[in-house]
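Enquirer: Taking the numbering used here, the leading residue of the sequence shown gets 630, the next gets one more, and so forth. The C-beta atom is built at its ideal place from N, Cα and C for all residues, glycine as well.
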Amino acid sequence: MNEKKVDLPSLKSKGFLPQKQENTFSMRLHSTGGRIETAQLRAIADAAEKYGDGHIHITSRQGIEIPFVKLENTDIIIEAMENADLFGGASGKKVRGVVACQGNTVCNHGLINCPEIAEKIDAMYFGTYAPKKFKIAVTGCPAACMKPQENDFGIMGMVLPTWVEENCVDCGRCVKTCKAGALSIEDGKLQIDREKCILCGECIAACRKGALRAEKTGYTIFVGGKVGRFPRACTKLLEMADEEQLFSVLEKTLEYYREHGMEGERFGDLLDRLGFEKYRETIF
Ligand code: SF4
Ligand code: SF4
Ligand code: SF4
């Protein structure tokens, strides 16, 4: 019989989530933006074979878990993972691992460097205290593949297009490309309806004449979104923020949450309790 004493809080802090099977854990690994090196994948596969049941689970937030780790193997699997520069993921009342798409490093639609932003945020805040889980997502464009609107703090790349009249040949290609119906050509002049424009930059990519350019690239910030048992729609806090504003707003948001949030209260619920305006006034 296994006599090893279960120190659940300590195990959870190292990424071990208790399974329904007694003294059995799923080891959650920390990853940022879903990036894992191939050598690390091999180490994970080896560990899953030796200390799990030979399979891994890919989580909904780009993480990897190794299920069916027995209590007596927790120390040795930690060592095996650390040798591959892998560490336990966060659970409970903490800032969770940042999820991100590959943004403009890979994707044709990407407007910002999501992995770089995610790494920076992760280095500053991963695993730090929050009254409840605090989820952050970085997505490269308004296609919003990483669902920033469903996170406590969501970041989305955006671009403001501007028309360069002298280069335009009135081909209409951009008008056909714009899914928002924000473009029209009137009397040979391209009109951009700023109310309809979702700042996706597709028209810029479509124009072969260099007649649409990025006037400014920035970040949209959403706050207070969540799914789960009690979903809450996010609120758009800021559009076209620069990187300095982004990090300042994130820092102040976490400060506000830590100061005013009740234990176990999600950030969106705090906004409902104290009011969005109070939060906005405080952080700006
Ligand atoms: S959000 Fe945009 S940049 Fe990111 S993967 Fe989707 S389409 Fe590409
Ligand atoms: S695609 Fe370029 S060249 Fe063609 S109408 Fe639009 S802006 Fe002008
Ligand atoms: S940025 Fe997107 S929404 Fe705005 S005009 Fe261009 S294609 Fe249309």
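Verify the contact flag: Cys832, CB atom, against every heavy atom of ligand 1, threshold strictly below 8 angstroms.
Expert: no
Enquirer: Nearest-angstrom Cα distance between Phe654 and Ala766?
Expert: 27 angstroms
Enquirer: Once you ignore the five residues that flank Leu658 on each side, which residues in its own chain have a CB closer than 6 angstroms to its CB?
Expert: Only Ile693, Leu715 and Gly718 meet the Cβ criterion.
Enquirer: Between Arg842 and Thr791, how many whole angstroms is the CB-CB distance? I'm expecting something under 8 angstroms.
Expert: 6 angstroms
Enquirer: Excluding the 5 residues preceding and the 5 following Asp781 in the sequence, name in chain order all residues of the same chain whose CB lies nearer than 6 angstroms to its CB.
Expert: Phe763, Lys764 and Phe896
Enquirer: Quick one: is Leu875 buried, meaning 16 or more other Cβ sit within 10 Å of its Cβ, or exposed?
Expert: buried
Enquirer: For ligand 2, which residues have a Cβ under 5 angstroms from at least one heavy atom, in chain order?
Expert: Cys797, Val798, Cys800, Arg802, Cys803, Cys836, Lys838, Ala840 and Leu841
Enquirer: Helix, strand or coil: how does DSSP classify Val878 here?
Expert: In this structure, DSSP gives Val878 a helical state, which the three-state scheme calls helix.
Enquirer: So who's on the other strand from Ser813, going by DSSP bridges?
Expert: Gln820
Enquirer: Can you tell me the Cα-Cα spacing of Gly769 and Pro647, whole angstroms?
Expert: 35 angstroms
Enquirer: Do you know how far the Cα of Leu789 is from the Cα of Lys845?
Expert: Cα to Cα, Lys845 sits roughly 5 angstroms from Leu789.
Enquirer: Quick one: measure Cβ to Cβ for Lys722 and Lys679, integer angstroms, because I've assumed they're closer than 8 angstroms.
Expert: Rounded, the Cβ-Cβ distance is 32 angstroms, inconsistent with contact.
Enquirer: Is Leu715 helix, strand or coil when you go by DSSP?
Expert: Coil at Leu715, not helix or strand.
Enquirer: If you drop the 5 nearest sequence neighbours on each side, which residues of the same chain put their C-beta closer than 6 angstroms to that of Lys865?
Expert: Phe851
Enquirer: Quick check on this structure: which residue in Asp898, Tyr754 and Gly830 has the alpha carbon closest to the alpha carbon of Glu884?
Expert: Tyr754
Enquirer: With burial defined as no fewer than 16 other Cβ atoms inside 10 Å of the residue's Cβ, what is the status of Ser660: buried or exposed?
Expert: buried
Enquirer: With DSSP collapsed to three states, give me the class of Thr661.
Expert: strand
Enquirer: Mind checking which residues open and close the beta strand (DSSP E) that includes Gly786?
Expert: Phe782 to Trp792
Enquirer: Nearest-angstrom Cα distance between Leu819 and Lys808?
Expert: Distance from the CA atom of Leu819 to the CA atom of Lys808, rounded to whole angstroms, is 16 angstroms.
Enquirer: Taking just the CA atoms, how far does Phe697 sit from Met630?
Expert: Note that Met630 scores a pLDDT of 43, beneath 50, so its modelled location is shaky; the value from the coordinates is reported in the next line. Whole-angstrom Cα-Cα distance: 17 angstroms.
Enquirer: Run the proximity test for Leu828: is its beta-carbon closer than 8 angstroms to any non-hydrogen atom belonging to ligand 3?
Expert: With a cutoff of 8 angstroms, Leu828 counts as near ligand 3, since its C-beta is closer than that to a heavy atom of the ligand.
Enquirer: Could you give the distance in angstroms between the alpha-carbon of Asp871 and the alpha-carbon of Leu900?
Expert: 24 angstroms
Enquirer: Using the Cα positions of Phe905 and Phe913, report the straight-line distance between them to the nearest angstrom.
Expert: If you take the alpha carbons of Phe905 and Phe913, they lie about 12 angstroms apart.
Enquirer: Below 8 angstroms, can you find three or more Cβ-Cβ pairs linking the stretch 669-686 to the stretch 738-746?
Expert: A contact between stretches requires three or more CB pairs, one per stretch, nearer than 8 angstroms, and the stretch 669-686 fails this requirement with the stretch 738-746.
Enquirer: Tell me which same chain residues have a C-beta within less than 6 angstroms of the C-beta of Pro771, skipping the five on either side of it?
Expert: Ile827 and Cys829
Enquirer: For ligand 1, any of its heavy atoms closer than 8 angstroms to the Cβ of Gly769?
Expert: yes
Enquirer: Run the proximity test for Ala709: is its beta-carbon closer than 8 angstroms to any non-hydrogen atom belonging to ligand 1?
Expert: no
Enquirer: Mapping DSSP to helix, strand and coil, what is Glu868?
Expert: strand
Enquirer: Once DSSP output is grouped into helix, strand and coil, what is the label at Arg861?
Expert: strand
Enquirer: Assuming the contact rule is C-beta atoms closer than 8 angstroms, Val727 and Ile750 should be a hit. Round their C-beta distance to whole Å, please.
Expert: 5 angstroms
Enquirer: Determine whether the beta carbon atoms of Ala811 and Asp822 lie at a separation below 9 angstroms.
Expert: yes
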